[in-house]
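Since the structure comes first, as structure tokens, the remarks are kept for the end.
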Amino acid sequence: MEPLKPASLTLRKTPPISTREFAELRRFIYDLVGIDIPERRKYLLENRLGPRILQLGLRNYSEYLMMLHHGPDKNTELKYFFTKITTNETSFFRDTKQLDVFETHVLKNVLQECEAAGNKSLHIWSAGCSSGEEPYTLGIMLHEILRMSIIGWKIQITANDLSPDMIAKAQAGLYGEYALRTTPKDVVDRYFIKETQGYKIHPKVQKLVSLGLINLNDKLAVKRVPKSHIIFCRNVIIYFDDAVKQKLISNFYDNLLPGGYLVLGHSETIHKLSRVFQPLIKPGGIVYRKST
Ligand SMILES: C[S@@+](CC[C@H](N)C(=O)[O-])C[C@H]1O[C@@H](n2cnc3c(N)ncnc32)[C@H](O)[C@@H]1O
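Sequence positions in the sequence shown follow this note's numbering and run -10 to 281.
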């Protein structure tokens, strides 16, 4: 008789997701975090959640969904789930053309306006910050513009994401060369400390950034974010449908101070969704302004 294989050595294939399971999981994700996973990307859920289902000893996606709804560890599992269902592509100085427009037409103006009003305090919100490259880029830009005078400013960059793994990575502040591929070498030399495992963001930049988890589809959580002069939400709303985008844009509007700016990804537009912002159109990018 053939000896029994220990369970852990039995190779199980990840289960295929049925049409009904996909529809249920898709609805669950949409209702909770606003991300809309189209039918053609069903494979994403299979690739990303299939191994987890095996690891947990579950048979299929229905059992996994049951666990997310009612399991005793559902909150812990939800954190893992958020990490798995999000796409976190990012880098330092991503889309330099757009950042040039932002620096010239937004950031410098906002700093001047604050200074002229005798209020050297600035709040920027990086909503959907992934592993921190975006908010740290903003911190570096502020250091480059203000130089030594930064010590006279009260600056906070609030940086939030849905994925606990990404926030943990941002907190560690350690990056590989790939994340820095569009960052000028002199900037790397000035704002990173070379360590054996990579490049560590300098504490003078890190201390400007306040990291935390958020679900942008949760209106109450969004309401708790301090009022902002500038909101960065780049390459996030592409995962939402028009209804969720519209809600979020309206929440951003409420969060912004009068005359505040909203910066979206270069391929993202709110043209058809909201008329309350004034678009500032420049070669290299569009930014949206709330009226003063
Ligand atoms: C493609 S990354 C963009 C990162 C950065 N803003 C950039 O442009 O480089 C999108 C990020 O949005 C986050 N995200 C997606 N849905 C979210 C939600 N409902 N609440 C908060 N963050 C979300 C994802 O976790 C992911 O890290």
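Cβ coordinates follow ideal geometry from the N, Cα and C atoms, glycine included.
As the structure is a computational prediction, the values presented were derived from the model and not from experiment.
Among the options, nearest to residue i - alpha-carbon criterion
i           : options           : result
residue 156 : 71, 263, 262, 27  : 71
residue 269 : 73, 87, 54        : 87
residue 251 : 112, 119, 180     : 112
residue 43  : 25, 3, 33, 31     : 3
residue 56  : 17, 80, 83, 23    : 17
residue 100 : 80, 134, 76       : 134
residue 169 : 201, 122, 95      : 122
residue 83  : 126, 39, 213, 225 : 126
Near ligand 1: residue i beta-carbon under 7 Å from a heavy atom
i           : result
residue 103 : no
residue 251 : no
residue 152 : yes
residue 206 : yes
residue 224 : yes
residue 53  : no
residue 257 : no
residue 172 : no
residue 213 : no
residue 77  : yes
residue 130 : no
residue 22  : yes
residue 155 : yes
residue 66  : no
residue 119 : yes
residue 228 : yes
residue 83  : yes
residue 92  : no
residue 238 : no
residue 190 : no
residue 220 : no
residue 203 : yes
N- and C-terminal bounds of the beta strand (DSSP E) containing residue i
i           : result
residue 268 : 267 to 271
residue 215 : Neither: residue 215 is in no beta strand (DSSP E) and is coded neither H nor E.
residue 192 : Premise fails: residue 192 lies in the alpha helix (DSSP H), 192 to 195, not in any beta strand (DSSP E).
Element boundaries [alpha helix (DSSP H), containing residue i]
i           : result
residue 58  : 50 to 59
residue 223 : Taken as a continuous stretch (DSSP letters only), residue 223 belongs to no alpha helix (DSSP H), as it is neither H nor E.
Min CB distance residue i to chain D below 8 Å
i           : result
residue 261 : Included in the structure is just one protein chain, with no chain D present.
For residue j and residue i, believed in contact at Cβ under 8 Å, the rounded distance
i           : j           : result
residue 205 : residue 23  : 7 Å
residue 129 : residue 194 : 6 Å
residue 73  : residue 29  : Not confirmed; about 19 Å, so no contact.
residue 225 : residue 91  : The Cβ separation is near 16 Å, so there is no contact.
residue 266 : residue 116 : Actually they do not touch by this definition, with Cβ atoms about 15 Å apart.
Beta strand (DSSP E) runs wholly inside the region 76 to 164, at least 3 long, in chain order: 110 to 116, 143 to 150
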